[in-house]
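Protein chains in written order, with the working numbering: chain A, 177 to 461; chain B, 616 to 872.
Here a beta-carbon is modelled for each residue, glycine too, at the ideal position from N, C-alpha and C.
As the structure is a computational prediction, the values presented were derived from the model and not from experiment.
To start, the structure itself, in structure tokens.
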Amino acid sequence: MTDYLMHLAIVIGIYATLAQGLNLLLGYTGIISVMQASLYGVGAYISALMASQAGVSFPLAFASASIGAALTGFIVGAAITRLQGDYLALVTFGLAVIFYDVFNNWLTVTKGPMGIPGIPAAFETKEAWLVFVAALAVAALLLVRRIDGSPYGRLLRAVRDDEILASVLGRSTQRTKTTVFTLSAFLAGAAGSVYAHYITFIDPTSFTAMESVSLLTMVIIGGMASPVGPILGAGFVVLVAESLRFAGLPDATAAPLRQVLFGLLIIVAMLFRPQGLMGRYRLSK
Amino acid sequence: MKLAIEQLTRRFDGIDALIDVSCTVKAGEILAIAGPNGSGKTTLLDIVTGLTEADRGDIFLGDKRLIGKRPEHIAALGVARSFQIARLFHGLTVLENLIMADATEREGLMSAVLRGEGVAEKRARERAMEHLEYLGMAAYRDTAAAKLSAGQMRRVELGRLLMQERAQLLLLDEPTASLDPEMTQIAVKVIEGLRSKGKAIVLVEHNLDVVHYIADRVMVLDQGRKMADGKPSEVFQDLEIQAIFLGGGGNSHASHR
Ligand SMILES: Nc1ncnc2c1ncn2[C@@H]1O[C@H](COP(=O)(O)OP(=O)(O)OP(=O)(O)O)[C@@H](O)[C@H]1O
Ligand SMILES: [Mg+2]
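Okay, here's the thing in structure tokens:
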């Protein structure tokens, strides 16, 4: 039982790190991205391949995954952040589909739908995992808190409010959005690596646009532009999903039901508590 | 620095917003732009700041060409503006809005992560507080801009202009609209103060009393055409110009939109 609770805490910690990156994008900067899970996947695959094919140690695989995802985020960000609002969201959706197709079809590298089994676990015990994941989530929290109170964080919120005014005051909104895209991809990559080495198996189904929607749910429910929001949001969403499993539903029913539930949660949040549990902003401007 | 606008032309699907408009403003000079609604005043400011493209024409600030540059590059060359409907970052506090008008170099991600609050940030906050005191907005320093009244937003915009010490060219789009008479006087004083610091100022203004009082020159626009350019006392003597303001769809003293 405690094993199970620790497992839940570890999963929440991984999602909290991931949601923290999305919080920088959505909460602070107002960028809706549905490719966060794709960048998470980039990190997971880099880490899994390096460890299982090349026998690289976890710390090195972890660092490479974070940096590789950040680099991917930077390239994508530089290419798409000149777009605004809905268009940007739509393009991230297109990219999420493309990334999924790559994970699914680049058989020689990703093994496609078969996935990559036997990824070496980084730690032997759940306790060690819990400590590591908690440290990672806290590091992400501290990073976002630090940004929150800094001139950079203020710039993000300004760009979120009014891109035109920001540009008239001399800010390159595109550069700002590219840096935050990169940083959020870095966190996604780190989380992806941890996920891969914790579960020891990955396949493309964990890195879909739908998964990104769950992440958006976490940020929205937890509260946008609040450093602790993503942790609460991750906890809430994971526990709700888990309680569905306890309801004894078969997986084929539980999975779509979960998605419907998250959709409903977003709607309810928007109608009755647009600022989420902790947030400073409402979802709509 | 001197602003030179040459034969600026812009058409919006069938409407001539500006036709061949040329003008200059020197450092330490206030050029007012007056004209009825829809005469092209805001469009001119939008083109200078890079928010709207011109179909034809050229713009120079000193020896730098502004046409074709992005808004942030134009801003970096020393151009500041205010908006017809006061424009603030709504989710930021009053104080943060002013600080956003200050230098940008400490906003890097790395300095956010690695360094604590710098001297420049502290200094900017002090300067911002001085301006807020002067504008009677100090009590609102931590209020979100979205919660302010229209008149208060105007004051914050004035404060933002005061923060932009490096700007050499100021473009003001009806800065006295929605201000009461007392606050209008303060705004006029602020603008005079900026002129005395040697800034070149373009002032779009519906209140002709303000134009008479403060402007060194006034350019009158009507339906995108330049109708006059000269000393206010002389320009407004002209009966044709008077007719524009009396009959031409505009109302000189009302604040619009
Ligand atoms: N983005 C746009 N698209 C289409 N037409 C536009 C656009 N911007 C301005 N116009 C038109 O160009 C003309 C000039 O508008 P502009 O806003 O420059 O006038 P203005 O002198 O500032 O008027 P006001 O005193 O009402 O502020 C108007 O007829 C306006 O409807
Ligand atoms: Mg106007």
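As a beta-bridge residue in DSSP terms, T639(B) pairs with A619(B). In this structure I674(B) is in contact with V663(B), their Cβ atoms being roughly 6 Å apart against a cut-off of 8 Å. One alpha carbon belongs to V252(A), the other to A364(A), and they sit about 14 Å apart. Taken in chain order, the complete alpha helix (DSSP H) segments of 4 or more residues contained in the segment 791–833 of chain B are 796–811 and 823–829. Within the segment 712–723 of chain B, the residues whose Cβ lies closer than 8 Å to some Cβ of chain A are I714, M715, A716, T719, R721, E722 and G723, listed in chain order.
Residues of the same chain with a CB within less than 6 Å of the CB of N822(B), apart from the 5 flanking positions on each side, are T791 in chain order. Within the same chain, Cβ atoms closer than 8 Å to the Cβ of E668(B) are found at R625 and I662, the five residues on either side in sequence being excluded. Under DSSP, I378(A) takes part in a beta bridge, and its partners are I292(A). At a cut-off of 8 Å between beta carbons, R258(A) makes no contact with chain B. Contacts between L345(A) and chain B, judged by CB atoms closer than 7 Å, involve A690, M715 and A716 in chain order.
Within chain B, the residues placing a beta-carbon under 7 Å from that of P327(A) are R721, E722, A727 and E736, ordered along the chain. Taking 7 Å as the cut-off between beta carbons, none of the residues of the segment 738–757 of chain B comes near chain A. In chain order, M182, A185 and I186 place their CB closer than 7 Å to the CB of L306(A), counting only its own chain and leaving out the 5 sequence neighbours on each side.
Where K302(A) is concerned, the enclosing alpha helix (DSSP H) starts and stops at K302 to D324. A straight line joining the alpha-carbon of A423(A) with that of L283(A) spans about 36 Å. Assigned with DSSP and collapsed to three states, V210(A) falls in coil, not helix or strand. Under the Cβ distance rule, P796(B) does not count among the residues neighbouring chain A, no pair being separated by less than 8 Å.
One finds S343, G346, R347 and S348 in chain A with Cβ atoms closer than 7 Å to the Cβ of E687(B), taken in chain order. Where D788(B) is concerned, the enclosing beta strand (DSSP E) starts and stops at L784 to D788. Here R434(A) has A417 and L420 as same chain residues with Cβ atoms under 7 Å from its own Cβ, once five neighbours each way along the sequence are excluded. The closest heavy atom of ligand 1 lies 7 Å or more from the beta carbon of I207(A). Remark: the C-beta of F238(A) is outside contact range of ligand 1, defined as less than 7 Å to any heavy atom. In the DSSP assignment, A843(B) is bridged to V835(B).
Per DSSP, A695(B) is one residue of the beta strand (DSSP E) stretching across V694 to R696. Judged by DSSP in its simplified three-state form, K679(B) adopts strand. Bridge partners of L646(B) according to DSSP: V817(B) and R832(B). The beta-carbon distance between V850(B) and V825(B), rounded to whole angstroms, is 15 Å. This is too long to meet the 8 Å contact definition.
Within a 10 Å sphere around the beta-carbon of Q767(B) sit 16 or more other beta-carbons, which makes this residue buried.
For F704(B), a Cβ of chain A is located within less than 8 Å of the residue's own Cβ.
L666(B) has a beta carbon lying within less than 8 Å of a beta carbon in chain A. For L785(B), the closest alpha carbon among the candidates I806(B), D795(B) and A765(B) is that of I806(B). Contact with chain A is absent for L646(B), since none of that chain's Cβ atoms lies less than 8 Å from the residue's Cβ.
Put simply, the CB of L319(A) is near chain B, with a gap under 8 Å to one of its CB atoms.
Residue pairing of A759(B) in beta bridges, as defined by DSSP: T708(B). For R696(B), the nearest beta carbon of chain A is closer than 8 Å to its own beta carbon.
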